[in-house]
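If you use this note's numbering, the sequence shown corresponds to residues 171 to 423, in order. For reference, the structure discussed in these notes is given below.
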Amino acid sequence: MLALTDHDTVEGWPQLPAAVAATGVAAVPGIEVSSEHGHRSVHLLALLVDPSEGTALAAEMAEARSSRIERARRMVELIGRDHPLTWDDVLAQVAGEETVIGRPHIADALVAKGVVPDRSAAFAEILRGSGPYYVPYYAPSPFEAVAAIREAGGVSVIAHPGSVTRDDDLPVELLEELVEAGLDGVEVHHREHDEAERERLQSFAERHDLLVTGGSDFHGTGKPNLLAENLTDPEVLAEIERRATSGTRVIRS
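What follows is the structure, encoded as structure tokens:
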């Protein structure tokens, strides 16, 4: 079983039934919702939500997508002053008309132009959040995101909270406030969580009775992450299905 959680879009959902039928691999429809707390980027997995227009979640995603496109254009403009990069270079890395253009596409364009060796280097150098080319974009607060996910009948899981690519860690106080706001789970098993971080997050999850998940954070060939390199226990998946009230279900063959 795999979960499809693209950033701020459900564009890939209609393709899931055919993919499940062809492979026999069940699919969990979801979204990776972009949110922001202060200067920190916080990603929340919205699993088995109702994506219908008219929900707060759909409205937040639409505004975030629009803002990210304008933000990406501005970042490309700034980067282009110092490096050989144009908007057309970025568009060449985008697949699908509804794809949310973001920093990963800019990173891939920088790789294609030979400016950096790989996507990780692009994020560590040119695209870092504290760098001169970074431009903020609209995103709901993580508390608004958790509330919107719940209103849409889904299950919320904070994604890679201990990622080493962050400028700083998410403070435990924020995690505790999110639990109070209704957070369902935490992604403990992730390649950017070392053993000490996994133990810290596992302990936090147990103290607060949170679901523990694992994720590959697979973004295609632009990242070293391997599909299904981290797993979620079947019992947790069953509990996610039990908690979801949206009518969106796991797709099985």
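Built from N, CA and C at the ideal position, the CB exists for glycine as well.
If you ignore the 5 residues before and after TYR308, its C-beta comes within less than 7 Å of the C-beta of GLU233, ALA234 and SER237, all in its own chain and listed in chain order. GLU321 is positioned such that its CB atom lies closer than 9 Å to that of THR225. Rounded to whole angstroms, the gap between the alpha carbons of SER326 and ARG243 is 30 Å.
Counting the other Cβ atoms within 10 Å of the Cβ of HIS209 gives fewer than 16, which makes it exposed. Its chain contains VAL180 as the residues whose beta carbon lies nearer than 6 Å to that of PRO221, once the 5 sequence neighbours on both sides are disregarded; these appear in chain order. Taking C-beta separations shorter than 6 Å and ignoring five residues to either side along the sequence, the partners of VAL356 in its chain run ILE328, LEU371, ALA375 and LEU380, following chain order. For ILE201, the three-state secondary structure derived from DSSP is strand. DSSP places ARG251 outside both helix and strand once states are collapsed to three, so it counts as coil.
In this structure the segment 281-294 does not lie against the segment 181-197, because fewer than three pairs of beta carbons, one per stretch, are closer than 8 Å. The straight-line gap separating the alpha-carbon atoms of ALA315 and GLY323 is approximately 12 Å.
Scanning GLU409, GLY200 and LEU345 for the CA closest to the CA of ALA173 turns up GLY200.
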